[in-house]
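Just so we're aligned, residue 26 is where the sequence shown starts under this note's numbering, counting upward by one.
Don't be surprised by glycine CBs; every beta carbon is placed ideally from N, CA and C.
Because the structure is a prediction, the values reported are computed rather than measured.
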Amino acid sequence: MEPLTDILSAVCHPTRRAIIRQLANGPARFLDIAEPFDVALNAVTKHLKLLERAGLIEREKRGREVLISLRPAGLRLVAEWVHEYERFWTKRLDEFEGYFKQQKRSRKR
26 MEPLTDILSA
36 VCHPTRRAII
46 RQLANGPARF
56 LDIAEPFDVA
66 LNAVTKHLKL
76 LERAGLIERE
86 KRGREVLISL
96 RPAGLRLVAE
106 WVHEYERFWT
116 KRLDEFEGYF
126 KQQKRSRKR
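This is the structure we're talking about:
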């Protein structure tokens with residue numbers, strides 16, 4: 026799959042978005058990440074693996090601990106993709122506004 030597809034697939038689930046939000050505050054241990062969720066630890070592991078495959082997180086061994094960190098660069102791909110459509114709609118809305126202003130001027134004559 027292409028990177029954008031992997032990233033969009035990873036962020037489509039609310040639990041994974043919550044994990045990303047949590048890791049935006051800094052690296053965390055697995056149990057710290059899993060604690061707020063009312064799911065089996067195995068489910069959290071699967072969510073983390075999907076985020077890791079998408080390149081959104083990385084694991085780093087520090088002594089006996091493994092810290093999980095956010096790699097936000099992948100989210101930039103999503104932002105750029107959304108931005109393309111934002112420009113598309115802005116242009117269309119500007120054209121729409123221009124049309125209505127022209128209609129308003131025509132009615133005043």
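| Check | Outcome |
| --- | --- |
| Range covered by the alpha helix (DSSP H) that runs through Glu60 | Run containing Glu60: none; DSSP gives neither H nor E here. |
| The stretch 48 to 60 touching the stretch 90 to 100, judged by at least three CB pairs closer than 8 Å | yes |
| contact_flag[the stretch 77 to 92, the stretch 113 to 127] where n(CB pairs < 8 Å) is 3 or more | no |
| DSSP-derived helix/strand/coil call for Arg84 | strand |
| Exposure of Leu81, with buried meaning 16 or more beta-carbon neighbours within 10 Å | buried |
| According to DSSP, residues forming a beta bridge with Leu95 | Ile82 |
| Residues that DSSP places opposite Arg54 in a beta bridge | Leu92 |
| Own chain residues within Cβ distance below 8 Å of His72, not counting five before or after | His38, Thr40, Arg41 and Ile44 |
| Close-in-space but distant-in-sequence residues of the same chain around Gly99 (CB under 6 Å, 5 per side omitted) | Ile32, Gly80 and Leu81 |
| Pick from Ala104, Tyr124, Gln127 and Pro97 that is closest to Leu48, judged by C-alpha positions | Pro97 |
| With 16 other Cβ atoms within 10 Å as the buried cut-off, status of Val107 | exposed |
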